[in-house]
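Novice:
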Amino acid sequence: MKMMGSTGQKCLKGFHILFGCAWASCGVSLTLMSLFIRPTDGLQLHGVDMAKKFIDDVLVAPAAIGCLLTGVMYSVFTRWGWFKHRWIIVKWCINVFGVVFGTFWLARWLNTLPPISQAEGMAALSNPIYVQAKTMNLWGGAFQNLTVVAAVFISVFKPWKSRRT
178 MKMMGSTGQK
188 CLKGFHILFG
198 CAWASCGVSL
208 TLMSLFIRPT
218 DGLQLHGVDM
228 AKKFIDDVLV
238 APAAIGCLLT
248 GVMYSVFTRW
258 GWFKHRWIIV
268 KWCINVFGVV
278 FGTFWLARWL
288 NTLPPISQAE
298 GMAALSNPIY
308 VQAKTMNLWG
318 GAFQNLTVVA
328 AVFISVFKPW
338 KSRRT
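Our numbering puts the sequence shown at residues 178 to 342.
(1) To which residues of the same chain is LEU290 closer than 7 Å at the C-beta, ignoring the five residues directly before and after it?
(2) ASN322: which of CYS198, PHE192, GLN186 and GLY191 sits nearest, CA to CA?
(3) If we ignore side chains and look at the alpha-carbon of each, how far apart do PHE330 and THR324 end up?
(4) Please classify TRP200: is it buried, with 16 or more other beta-carbons within 10 angstroms of its beta-carbon, or exposed?
(5) Residues in its own chain within less than 8 Å of MET313 by CB, not counting five upstream and five downstream?
(6) Leaving out five residues before and five after PRO336 in sequence, what residues of the same chain have Cβ atoms less than 7 Å from its Cβ?
(7) Count the other CB atoms within 10 Å of the CB of VAL334; is the residue buried (16 or more) or exposed (fewer)?
(8) Whose C-beta lies closer than 7 Å to the C-beta of ASN304 among residues of the same chain, with five residues either side of it excluded?
(9) Are ALA241 and GLY279 close, meaning C-beta to C-beta below 8 Å?
(10) Helix, strand or coil: how does DSSP classify LYS187 here?
(11) Can you tell which of LEU246, GLY258 and LYS261 has the C-alpha that lies nearest to the C-alpha of VAL273?
(12) For GLY185, does the count of other Cβ atoms within 10 angstroms reach 16, so buried, or fall short, so exposed?
(13) How long is the line joining the alpha carbons of LEU220 and GLN295, rounded to whole angstroms?
(14) SER211: buried (16+ other C-beta within 10 angstroms of its C-beta) or exposed?
(15) Just checking my contact of LEU207 with ASP233 at CB under 8 Å: how many whole Å lie between their CB atoms?
(16) Hey, how far is the Cα of HIS223 from the Cα of CYS203?
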């Protein structure tokens, strides 16, 4: 396999950082919205739920996939490889976990909210399905945010030595 040149690697690194920043910042924004925005009527509640769904669908999901794809390109076309360093293995675990957990759990919980808030307004806050989905999304999203931010710092510090001695 032909290795990527210096300019290509710098471009790849730029895109990987861009996707990582977008994923982390939008994920943190979703968590902060859940914690600090307090709608006063049903239309506001539905609007907040739709805004969170929009951020997730249009920004978070593409950023997570972008991280995954640029990570694959790093592994295939640069000297970093797939499993050469322990910190890369940890980042792979975080990235794959984030994409799977985000797709099959976080998105499902988030997608549950707008239809209920649209139909029930503020009464949605008493609906057990709405409350559980909102709570699971908040705590699951906060956990995922911590792992994504950890991946950023792992990239910077590269804390574990090579697996090869």
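For every residue, glycine included, the Cβ atom is placed at its ideal position computed from N, Cα and C.
Quantities reported herein were computed from a predicted structural model and do not represent experimental measurements.
Specialist: Short version:
(1) ASP226, TYR307, ALA310 and LYS311
(2) CYS198
(3) 10 Å
(4) buried
(5) Non-local beta-carbon contacts of MET313 in its own chain, meaning distances under 8 Å to residues more than five positions away in sequence, involve TRP282 and TRP286 in chain order.
(6) TRP264
(7) The sequence given here has Phe at residue 334, not Val. Counting Cβ neighbours within 10 Å, PHE334 comes out exposed, since fewer than 16 surround it.
(8) ILE293 and GLU297
(9) yes
(10) helix
(11) VAL273 has its Cα closest to that of LEU246, out of LEU246, GLY258 and LYS261.
(12) The residue in question, GLY185, is exposed, as its Cβ has fewer than 16 Cβ neighbours within 10 Å.
(13) 7 Å
(14) buried
(15) Their Cβ separation, rounded to whole angstroms, is 7 Å, which keeps LEU207 and ASP233 in contact under 8 Å.
(16) 19 Å
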